[in-house]
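Worksheet: one structure, shown below.
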Amino acid sequence: MKVFGLVAVFVVGLLLLSATQDFPSWGNPRSAASDGEVSSFYIEKTEAVTKVPNMVTAVLADFRGYDTMFETVVIFIAGIGIIAVLRNFEGSDSSIDYDNDDNGAGLLARFTCSLILPFIQIFALYVVAHGHHSPGGGFQGGVMLGASYILLALAFGLSKAKRIFSERRTMIFAVVGIFIYVGWGVLCLLLGGEFLNYSVLDSILPGDAMMARSYSMLVVEIGVAFTVTAIMFSMYSNLSTRGRLSKGL
Amino acid sequence: MDPIIANFIEENIVPKFNYWIYVILMMIGLYAMITKNNLIKKLIGMAIFQTAIILFYVSIGVKEDGGIPIISHHGPDHHQETEAHSEAGSENLKHNIIDKDKYANPLPHVLMLTAIVVGVSTLGLALAISQRIHKSFGTLEEDEILNKLRPGGHD
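Sequence order for the protein chains is U and S. Residue numbers for the first sequence follow my numbering, beginning at 1141 and rising by one. Residue numbers for the second sequence follow my numbering, beginning at 2 and rising by one.
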């Protein structure tokens, strides 16, 4: 098996390496990927059309809005799937009992985490809110916010973190995030545009159609951040306790 | 050094080292997925495989003089230019023309943001399923699981 694997890997690797003969060299601005019509449009027209300087966020939340919407749904389904796979819905095991003896880490770790946690959370919210002007966005900020709750669970014990961010609340957050995203698209439909065509929202938002797209990106990113935060914490708490949620790491 | 080897390195490895790194990383992941017996090690291989693809995509978005794909009106781009260039630069700024060679290609970054999210989702779900397998079979070794699944096998 090992020999067969090694041979297969070498053959595939040599094929891939021989294919790189035709690829453009490192950093070539005239390569097909970088010089194509689509990429050039995104670079040259993003700020003129949407007033958003961060092209990555603009492409993610506006030009390719469908992609990101279903991406959020993928995360949500993964979170639901983990719960469905791990939790035993039959018998007495199904009731969630929070373990009150679970005190988490030692005194020093708890004290340090209580100092750091507010700053982590504020920075995460900044990354979400400023994501269309500087590096950042809903996924990145959401992961940071989720990680801050994971840190809380590691330092103070899962039971305390679950009292703040309970299983029910996690799922409500995840659903609310998707509803914000989809609802914003439906709002565009109601105002006479296409689904996720933010420029028709200028009648209810301050500024012109371009500013409406900029604001809409912020709203959509907030929706993504809700879902990602909730599912990250849900994934951690379920995986670290085998779905019992009773005693964490 | 042998001139043939030196020539090969000069022409094929130096200008395309990003592809070499991605192929090597990807093959490490593939090897782990094919040959490892432990399910968690297979998952680690899958994660390495995904990382290699992310590296490949991001590296084809790089441009030699390009910065991050965020339009900056007061960033270092406008200060580093020489006299002749800065005149042209301010001219461009007046007419709101953006030089696309000054920014990295944003499209691979967006696609890979998506791929990272899919990677997290698949990895999380795969870990959950392997916990379930461990609960049912008491092991994560593939051959032992197959042995227990066989009709004549014990358990």
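Using N, Cα and C, we set each Cβ at its ideal position, and we do this for glycine too.
Applying the criterion that 16 or more other CB atoms from any shown protein chain within 10 Å of the CB defines a buried residue, is residue i buried or exposed?
| i | result |
| --- | --- |
| Asp1348/U | exposed |
| Glu1187/U | buried |
| Pro4/S | exposed |
| Ser122/S | buried |
| Ser1288/U | buried |
| Pro1346/U | exposed |
| Thr1212/U | buried |
| Val15/S | exposed |
| Val1143/U | exposed |
| Pro152/S | exposed |
| Pro70/S | buried |
| Phe57/S | buried |
| Met1141/U | exposed |
| Leu1292/U | buried |
| Arg1353/U | buried |
| Ala105/S | buried |
Just the Cα atoms here: how many angstroms apart are residue i and residue j?
| i | j | result |
| --- | --- | --- |
| Val63/S | Ala1365/U | 28 Å |
| Ala1224/U | Leu124/S | 16 Å |
| Val1147/U | Glu65/S | 37 Å |
| Arg1170/U | His1272/U | 27 Å |
| Ser1165/U | Val24/S | 15 Å |
| Leu26/S | Val119/S | 19 Å |
| Pro109/S | Asn148/S | 44 Å |
| Ala1172/U | Met28/S | 26 Å |
| Ala85/S | Ile61/S | With a pLDDT of 45 at Ala85/S, under the threshold of 50, the modelled position of that residue is not reliable, and the figure given next carries that caveat. Going by the C-alpha atoms only, they are around 30 Å apart. |
| Ser1374/U | Ile1222/U | 9 Å |
| Gly1205/U | Val1267/U | 19 Å |
| Gly67/S | Ile98/S | 16 Å |
| Leu1294/U | Val1214/U | 26 Å |
| Ser1254/U | Gln1261/U | 11 Å |
Quick check: the region 1172-1184 of chain U against the region 32-45 of chain S, are there 3 or more CB pairs under 8 Å? no
Anything in the region 47-64 of chain S with a Cβ closer than 8 Å to a Cβ of chain U? List those residues in chain order, please. Ser60, Ile61, Gly62, Val63 and Lys64
Output needed in chain order: residues of the region 1175-1188 of chain U with a Cβ under 8 Å from some Cβ in chain S. Answer in chain order: Val1178, Ser1179, Ser1180, Tyr1182, Ile1183, Glu1184, Thr1186, Glu1187 and Ala1188.
Quick check on the DSSP output: what are the complete alpha helix (DSSP H) runs of length 4 or more inside the region 1301-1367 of chain U, in order along the chain? 1307-1330
Evaluate contact between the region 1154-1170 of chain U and the region 39-48 of chain S, counting only Cβ atoms and requiring at least three cross-stretch pairs below 8 Å. no
With a threshold of 8 Å, are at least 3 pairs of Cβ atoms found where one atom belongs to the region 8-28 of chain S and the other to the region 1308-1327 of chain U? no
Under 8 Å, with one C-beta from each stretch per pair, do the region 1256-1275 of chain U and the region 1182-1197 of chain U reach the 3-pair mark? yes
Count the C-beta pairs between the region 1379-1387 of chain U and the region 1315-1331 of chain U that are closer than 8 Å, then say yes if the count reaches three, no if not. Segments in contact, no.
At a CB distance below 9 Å, what residues from the region 1297-1319 of chain U approach chain S? Give them in sequence order. none
Residues within the region 1343-1372 of chain U neighbouring chain S, beta-carbon criterion of under 7 Å: none
Mind listing which residues of the region 1194-1217 of chain U have their C-beta closer than 7 Å to chain S's C-betas, in chain order? Asn1194, Met1195, Val1196, Val1199, Leu1200, Arg1204, Asp1207, Glu1211, Val1214 and Ile1215
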